[in-house]
Amino acid sequence: MSAAAVLADIDWHVEQQVFFYLIATTQVVAAWRVVTTKNIVHAALYLVVVLAGVAAQFILLGAEFIASTQVLVYIGAVIVLFLFGIMLTQARIGAENDLDQPNRLPAVLTAGLLAILTVSTVIRTFEDVELPDNSRTTTASVSDSIFSDYIIAFEAVSVLLLAALIGAIVVARKD
Amino acid sequence: MFFAQVAPDSIVTPDIAWTALVPHLVLAGGAILMLMVWSLAGRWLPRWLPSMVTAAVGLGAAIGSIHLWRRVTDADRGPFSAVADSVGIDGFSVFLTVVISLTVVFAALLADGYLRRERLDGPEYHVLLLLSAAGGVTMATANDLIVLFLGLEILSLAVYVLAGYHNRRAQSQEAAIKYFVLGAFSSAFLLYGIALTYGATGSTNLVDINAYLRSTVLVDDGLLLAGFALLLVGLGFKVSAVPFHTWTPDVYQGSPTPVVAFMASGVKAAGFAALLRVFVVTFGTYADDWKPILYALAVATLLVGAILAVVQNDVKRMLAYSSISHAGFMLIGVHAASADGTASVLYYLAVYSVLVIGSFAVVGVVSGTGDGATTVGDFAGLGARRPWLAFAFTVFLLAQAGVPLTTGFFAKFYAITAAVDGRSWALAIVAMLSAVIAAYLYLRIMIAMWLEGSDDDAPIRVPVGTVVVLGVAAAFTIGFGIFPEPIVDLARDATPALVNSP
Amino acid sequence: MEELVWLIPALPLLGFVLLVLGGRRLGEPGAGYLATTMVAGSFIATVLVFVGLLGKDAEERLFEQTLFEWIPAGDFSVDVGFLADPLSITMALFITGISSLIHLYAIAYMHGDKDFSKFFVYMNLFVFSMLMLVLGDNLLITFLGWEGVGTCSYLLISFWFTDEANATAGKKAFVTNRVGDWGFMVATLLAFFTFGSINYGEMFSGADGMATSTATAITLLLLVGAAGKSAQFPLYLWLPDAMAGPTPVSALIHAATMVTGGVYLLTRVNPIIAEASSVAPDVIAWIGLFTALFAASIAVAQADIKKVLAYSTVSQLGFMFVAVGSGVYVAAIFHMVTHAFFKALLFLGAGSVIHGMDDEQDMEYYGGLRKFMPITAATMVVGWLAIAGVPPFSGFWSKDEILLGAYENNVVAWVLLLIAAILTAFYMSRLIFLTFFGERRWSDGDPEAHAAADEPVADDGARSFHPHEPSPLMWVPLVVLAGLALLGGLLNLPFTGDTKILEQWLEPSLFGNEHIATSGAAGKWTLAIMSIVAAVIGVIGAAAVYIRRRVDKSVVEQPILQDAWMVDDTVTSFMGGPGRKSFELVSWFDRTVIDGAVNGTAAVVRHGGLVLRRLQTGFVRSYAVGVGGGAVALLVYFLFRTTF
Amino acid sequence: MELTTTWYLVLGAIIFAIGASGLMIRRNPLVMFMCVELMLNAVNLTFVAFGRELDDLGGQVSVFFVLVVAAAEVVIGLAIIVAIMRHRSGATADDLSVLRG
């Protein structure tokens, strides 16, 4: 039985809520730890938690294609890149004292205000709009969309990847 | 039809109007072709060839835009959208496509001598330059916020790498990482802004958004306005509007000089293209909401740029801050939210691109091997050492100061006219104040060049490509400074439009 | 023949181009002669246009020539066009005429300079710009010339740029002028949005019945521009410093032509001033008056011969502003022309003295030079009498007109202006006496020569010089200018309507805005006599100081006067009242407040820059805070604007 | 509490702000990149939530493109970092502040 079929059997109104709150709390805590942990490897691992959480939320929202892409791209590639980056650059892996710097207040204040402003906006706009019960989108419909309405974007992404590829090679070249 | 057999009912690919995409295809295709040719046969090709090919490709993209210009300015046909409405071809986008393509030509010509002097030569720089320009052109023609974002990312990623291209220079690497981190940060804001706008209007397509905003009165526009704010952060960063300008001086100072020339011209043009298309054209109905904040941004940008420029000692840094204050002048045109305002920004961009490329061309050769000699003191006595070089720089500086008989004068003139037309008297006065303050800065460089002596008699080599750039730029600045009409007419005819595909 | 008007600026431009291309190859003196020829040709063209205009009826003496459309800007456009009318042609006549003479003089003066041809490049460019300024048929062309003359002035002041002082002075001129330019620019914009055009003709036909407040604003903004260019208080600062440049430059730019640009501009826009509230002309008049007095009092205390002339120029320009403010435009132009004659003469004469005295400019080292430089002395005496206002020299007639205008406008202004006139006569007499008369305070290092010259020689502190008459190339212009300074009054003799040639000639350009004197003949005569008396008092006062010191050299009761080093202080005390202190105050004011204000503005900008600079820490995270903070600010703003 | 679109949006906003704060506080460039990833993911969440709310595919398609952009950014960013660290091991972002003023 495919994952999609399993998901289709779930009563969304209860399970979705439970899962949402559970995952959301985990995500926020993990994100917080990414920002605050002194161990860079831990930061990367907490990031994995957040990203996996995002993938889970995508599934809850019925966006299975995006969820699987999220897992493939982020957890499969990005995080590995990060870990390689840590290995290649850090002289020692472990605690670092990079939070011991003055003037954290403006940063925290700015971020706090940013959170308050954006959160208040979305709450105000969507106060009591229930999550619509529309059907989950299929991978086919997403790909249809990508290759019709968003064909230019798709082409642009290919150029973007090319640029990234060449860029990485250029940056990595020997002196 | 092969595809029809595989997936009979799913994919309905849109018509691709290849003609509309000629500039994009020429730039990106040129990059790919160049990459292939040089990886296969690079060792047998002369060292000067990449820059020539790049210049030719840039020129080709500009020439390839001519038929589009003919089409959009033809009263019977007019502007159009192509490829599922995600590419908009109008006078505005064609004008900026040409500007960006020509900055590529200049940046490639400048790079030739520079890269060989710094022993960095090879096709990679040029490939990245072309890809970056392709991204810029994508931004200028984008009719969809996602396409616009992707264009911006293509442009930025390539330029991040170019900023750090001088890999033996610590400053260059510092510039790259600063630009990258902050650029990624601001892109995130831009993207969030796109998301909120999408949430508020139900589409990322500018044509649809515009139509929606015209036909619907939002009960609560909080989401949309928050989207405005975040979009403005992202785009303000690209055009280095204060307070999103902080990266500019550091990155300009650290990056290889030909790259800076491209950043200050091509990248800025793409940024303003997006700013104008998104705010003035698409969100025009909400102008009353965003105009005051652009007013504030313009004032801050004009003053901070000019004031900080005055206290600098490094010419590249000075020019960086002065480019911020020039961005302030362009923001005036954006703030005006009128046809004249848009035309003034286009004119300013075209003219300023030439000026700033010329200026950085001079800086690039004076800075010497290692690209490090860029303090004001290093320009002392340039008038005696290389009079023509000093003369060209003087022309560019005078034009940047807005002295009459140069293109810079008309640029400032039209910007201020746009402000006054919109009854923004105070803005016009601040602009003039900023011009007066900044004049001191240009004067300082000129004094160093002409009036101060120097014991440095190391020869300054001016490569052929740079000579060509300087000659063309100076002739442009003076020629169109005396007879501004052709460029003004072009900028006036380059009207933006949002239309559905027929 | 008025179609030739384009030729007037074209010839100096051609000269400029030719000199840029081949000046170095042409070398000395060829480059100088080429430049002079071009300017002289321009003079001839002006005369032809003048004759052409003369041949027409007074009402038709207006010729506009549009070369091409320059700036298309929506429904309006700016043309490159020239306006030949009595006012502009008067200006062009004396500009090209005096320029030719000064170019000729400069060929000899700049002899041996390593940048000989470059000097003439700038000079021709200057003449071209100046002609654009006066001949332009709209504010933008005038502004173009305005900027051009400023730039040339800057280049020429800094000409001997090995000298740090010159470079600094050039900078000061540039910066002060920018302030003035700002006023001009804003006024131009305002005019454009009021009249929908910046063409003089179209502006003036729309001026009738325009809003008083707008007219006042335009006038006052133009006044800022004019004050900057014409070195009026408080923007006069740069002019004394500008004397660092070569003397022909001082004569041409900083006495005869460029500095009169402000007066020309205000005269040109007389229909707008006529519509402005009476505050505007009053402000013009009072600024002029204050400048006239202020600068004259400073001139009294200067030791440097060129500084005296510089402050004198500032003061005389103040007179012209008073004339404009009082509505007697003809007097302003009249004085401008005579002033151009005699002040150019005085500067060139001073240049000739400086040349003869091995570039020494301090009058303390002069004295008794008339025997060694008779032609220079004689011509400068003519200049002195002209500026002092002694009849029948030209200065008397023009200054008298201004005094008459001031009197009919405001008696207090007249009294103050009369005091300025006394001071003028005094300081100019002082200059002449110290330079050409009295004992020699220098030595030629040859005792035999002293005996032969039968002159007392200062015993110590004297320096060694070999004063001599300059080459004919230099003294011929002096003689010509002396003739003009003597006869210039003929242009506008006040006796009958017929002798007021200038007034009749300028009439079409003034649209009846000229204030017509209402005083009767008796009143006029009284005023004229008063002004003669003023001149005489000044001259006698100076002579008294000077002669007493000479005659009663050993008299104990005047020890101060015995001491040559104390001349300025003596003069200061002699001028009475709290005298010395007030002069000190003036100089303190000049040094501290005015200089301070200019430096202060720069300091504020600089300081602001340094403070802002500290925010640019170089740390990515603090830049990110900037971006994030900006985002928060934008969000706060936009969320306050929501419709919810 | 009824689960509404708002909750997804709020979650996105909070993670976005946390990511932004990390960029403004941390000095390790690698952690800064991670924070950018946090922000982008927050936006992705927002996109999908809006897409669901609007019953529109555009949200998900946008996320697809953003994912690619994020990956490309990481590639470039890590390349730059590694290149810098080759010359000065263990440098923090604050050590890269020669250019200032």
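Keeping their order, the protein sequence lines are chains R, U, C and D. Counting from 11, one number per residue, gives the positions in the first sequence under our numbering. Counting from 5, one number per residue, gives the positions in the second sequence under our numbering. Counting from 2, one number per residue, gives the positions in the third sequence under our numbering. Counting from 14, one number per residue, gives the positions in the fourth sequence under our numbering. In this text, a Cβ means the ideal position worked out from N, Cα and C, and glycines have one as well.
Worksheet item: When the Cα atoms are used, what is the spatial distance from U/VAL131 to U/PHE110?
Response: Start at 1 with the first residue of the second sequence, and residue 131 of chain U comes out as number 127. Start at 1 with the first residue of the second sequence, and residue 110 of chain U comes out as number 106. Between U/VAL131 and U/PHE110, the C-alpha separation is close to 15 Å.
Worksheet item: How is the beta strand (DSSP E) around U/SER327 delimited, first residue to last?
Response: Along the second sequence, read from residue 1 onward, the residue named residue 327 of chain U stands at position 323. Taken as a continuous stretch (DSSP letters only), U/SER327 belongs to no beta strand (DSSP E), being part of the alpha helix (DSSP H) at 319 to 340.
Practice prompt. Could you run through the segment 99 to 114 of chain D and flag, in chain order, every residue whose CB is less than 8 Å away from some CB of chain C?
Written response: ALA106, ASP107, LEU109, SER110, VAL111, LEU112, ARG113, GLY114
Worksheet item: By how many angstroms is the C-alpha of U/MET334 removed from the C-alpha of U/LEU401?
Response: As a working note, residue 401 of chain U is residue 397 in the second sequence. As a working note, residue 334 of chain U is residue 330 in the second sequence. Looking at the two C-alpha atoms, the distance is approximately 18 Å.
Worksheet item: Quick one, are the C-beta atoms of U/VAL440 and U/VAL367 less than 9 Å apart?
Response: Taking the second sequence and counting its residues from 1, one reaches residue 440 of chain U at position 436. Taking the second sequence and counting its residues from 1, one reaches residue 367 of chain U at position 363. For U/VAL440 and U/VAL367, no; Cβs fall outside 9 Å.
Worksheet item: Given C/ALA107, which residues of its chain have a CB within under 6 Å of its CB, disregarding the five upstream and five downstream residues?
Response: Residue mapping note: residue 107 of chain C aligns to position 106 of the third sequence, counting from 1. Closer than 6 Å at Cβ, skipping near neighbours: PRO249.
Worksheet item: Which chain R residues are close to U/SER97, counting only those with a beta carbon under 9 Å from its beta carbon?
Response: Start at 1 with the first residue of the second sequence, and residue 97 of chain U comes out as number 93. Going along chain R, no residue has its Cβ under 9 Å from U/SER97, so there is no contact; the nearest lies around 13 Å.
Worksheet item: From what residue to what residue does the beta strand (DSSP E) around U/VAL153 run?
Response: Working through the second sequence from its first residue, we reach residue 153 of chain U at position 149. At residue 153 of chain U the sequence reads Phe, which differs from the Val that was named. It is not in any beta strand (DSSP E) - U/PHE153 instead sits in the alpha helix (DSSP H) that spans 149 to 167.
Worksheet item: In chain D, what lies closer than 7 Å to R/VAL58 by C-beta?
Response: Reading the first sequence from its first residue, position 48 is the one you call residue 58 of chain R. Under the 7 Å cutoff, chain D gives no residues; its nearest Cβ is about 10 Å from R/VAL58.
Worksheet item: Going by beta carbon distance, what residues of the same chain come within less than 6 Å of C/GLY384, once the five residues before and after it are set aside?
Response: Against the third sequence, residue 384 of chain C aligns to sequence position 383. Hits under 6 Å: PHE343, LEU346, LEU347, ALA486.
Fill in: The alpha helix (DSSP H) enclosing U/VAL91, as first and last residue numbers
Here residue 91 of chain U is taken as the residue at index 87 of the second sequence, counted from 1. No alpha helix (DSSP H) holds U/VAL91; the beta strand (DSSP E) holding it covers 91 to 93.
Discussion item. Quick check on U/SER85: does DSSP put it in helix, strand or coil?
Written reply: Taking the first residue of the second sequence as 1, we reach residue 85 of chain U at position 81. Three-state DSSP puts U/SER85 in a strand.
Worksheet item: Does the segment 57 to 72 of chain R come within contact of the segment 19 to 33 of chain D, defined as at least 3 CB pairs closer than 8 Å?
Response: yes
Worksheet entry | Enclosing alpha helix (DSSP H) for U/ASP425 [first to last residue] | Taking the first residue of the second sequence as 1, we reach residue 425 of chain U at position 421. U/ASP425 -> alpha helix (DSSP H) spans 411 to 425.
Worksheet entry | Selection of the segment 131 to 162 of chain U by Cβ proximity to chain R, strictly under 8 Å | VAL131, LEU132, LEU135, SER136, ALA138, GLY139, THR142, ASP148, ILE150, VAL151, LEU154, GLY155, GLU157, ILE158, LEU161, ALA162
Practice prompt. Taking C-beta pairs closer than 8 Å, name the residues in chain U that R/LEU170 reaches, listed in chain order.
Written response: For the purposes of this step, residue 170 of chain R is taken as residue 160 along the first sequence, with counting starting at 1. Going along chain U in sequence order, the residues near R/LEU170 (Cβ under 8 Å) are GLY139, LEU154, GLU157, ILE158, LEU161.
Worksheet item: Any beta-carbon of chain U closer than 9 Å to the one on C/TRP443?
Response: Here residue 443 of chain C corresponds to residue number 442 of the third sequence, with the count starting at 1. By this cut-off, C/TRP443 is not an interface position.
Worksheet item: When the cut-off is 9 Å and only beta carbons count, does R/ALA53 lie next to chain C?
Response: In the first sequence, the residue the question calls residue 53 of chain R occupies position 43. Chain C contact via Cβ: absent.
Practice prompt. For the alpha helix (DSSP H) holding C/TYR110, just list the boundary residues, first then last.
Written response: Stepping through the third sequence from its first residue, residue 110 of chain C is reached at position 109. Where C/TYR110 is concerned, the enclosing alpha helix (DSSP H) stretches over 87 to 110.
Discussion item. Going by beta-carbon coordinates alone, are C/LEU221 and C/SER353 separated by less than 9 Å?
Written reply: Within the third sequence, the letter at position 220 stands for residue 221 of chain C. Within the third sequence, the letter at position 352 stands for residue 353 of chain C. No.
Discussion item. Give me the subset of the segment 160 to 190 of chain U whose CB atoms are less than 8 Å from a CB atom of chain D, sorted by chain position.
Written reply: LEU161, TYR164, VAL165, GLY168, ASN171, ALA174, GLN175, GLN177, GLU178, ALA179, ALA180, ILE181, LYS182, PHE184, VAL185, ALA188, PHE189
Worksheet item: Should R/VAL167 be flagged as near chain U, meaning a C-beta pair shorter than 9 Å?
Response: Sequence index remark: in the first sequence, residue 167 of chain R carries index 157 (1-based). Yes, because at least one Cβ of chain U sits closer than 9 Å to the Cβ of R/VAL167.
Worksheet item: Under 9 Å between C-beta atoms, does R/THR47 make it to chain C?
Response: Walking along the first sequence from the start, residue 47 of chain R turns up at place 37. False, the Cβ-Cβ gap to chain C never drops below 9 Å.
Discussion item. By the three-class DSSP mapping on this structure, what secondary structure does C/VAL79 have?
Written reply: For the purposes of this step, residue 79 of chain C is taken as residue 78 along the third sequence, with counting starting at 1. C/VAL79 falls in the strand class under three-state DSSP.
Discussion item. Taking beta-carbon pairs under 9 Å, can you tell me which members of the segment 468 to 502 of chain U lie near chain C?
Written reply: ILE486, PHE487, PRO488, GLU489, VAL492, ASP493, ARG496
Worksheet item: Apart from the five residues just before and just after U/ALA66, which ones in its own chain have a Cβ nearer than 6 Å to its Cβ?
Response: The residue given as residue 66 of chain U occupies position 62 in the second sequence. Excluding positions up to five away in sequence, the list reads VAL102, SER105, LEU106.
Item to complete: Would you mind telling me which residues of chain U sit closer than 8 Å to R/ARG134, beta carbon to beta carbon, in chain order?
Response: On the first sequence, residue 134 of chain R is found 124 positions in, with the first residue counted as 1. Within 8 Å Cβ-Cβ: ASP224, GLY226.
Discussion item. I'd like to know whether the C-beta atoms of U/HIS249 and U/LEU298 end up nearer to each other than 9 Å.
Written reply: Counted from its first residue, the second sequence places residue 249 of chain U at position 245. Counted from its first residue, the second sequence places residue 298 of chain U at position 294. Taking 9 Å as the Cβ cut-off, U/HIS249 and U/LEU298 do not qualify as a contacting pair.
Item to complete: Spell out whether any CB of chain U is found under 9 Å from the CB atom of C/VAL18.
Response: Taking the third sequence and counting its residues from 1, the one referred to as residue 18 of chain C is at position 17. No, no contact with chain U.
Worksheet item: Does D/THR19 come within less than 9 Å of chain U when only Cβ atoms are used?
Response: Taking the first residue of the fourth sequence as position 1, residue 19 of chain D is located at position 6. So no, D/THR19 is outside the interface.
Item to complete: Throw me the rounded Cβ distance for the U/VAL285 and U/PRO500 pair, which I believe falls under 8 Å.
Response: Counted from its first residue, the second sequence places residue 285 of chain U at position 281. Counted from its first residue, the second sequence places residue 500 of chain U at position 496. U/VAL285 to U/PRO500, Cβ: 5 Å. Contact.
Worksheet item: Is the Cβ of C/MET124 closer than 9 Å to any Cβ of chain U?
Response: Taking the first residue of the third sequence as 1, we reach residue 124 of chain C at position 123. No - not a single Cβ of chain U is within 9 Å of the one on C/MET124.
Worksheet item: Can you tell me the Cα-Cα spacing of C/ALA422 and C/ALA544, whole angstroms?
Response: Within the third sequence, the letter at position 421 stands for residue 422 of chain C. Within the third sequence, the letter at position 543 stands for residue 544 of chain C. One C-alpha to the other measures close to 16 Å.
Practice prompt. Within the same chain, show all residues whose beta-carbon is closer than 6 Å to that of C/ALA450, passing over the 5 residues directly before and after it, in chain order.
Written response: The residue you call residue 450 of chain C lines up with position 449 of the third sequence. Note that C/ALA450 scores 46 on pLDDT, short of 50, meaning its location in the model is unreliable and no value can be drawn from it.
Discussion item. Going by DSSP in three states, U/GLY140 sits in which element: helix, strand or coil?
Written reply: For the purposes of this step, residue 140 of chain U is identified with residue 136 of the second sequence, where counting begins at 1. Here U/GLY140 sits in helix by DSSP.
Discussion item. Taking 9 Å as the threshold (C-beta atoms), are R/LEU175 and D/VAL88 in contact?
Written reply: Residue numbering aside, residue 88 of chain D sits at position 75 when the fourth sequence is read from its first letter. Residue numbering aside, residue 175 of chain R sits at position 165 when the first sequence is read from its first letter. Result yes, Cβ atoms of D/VAL88 and R/LEU175 sit closer than 9 Å.
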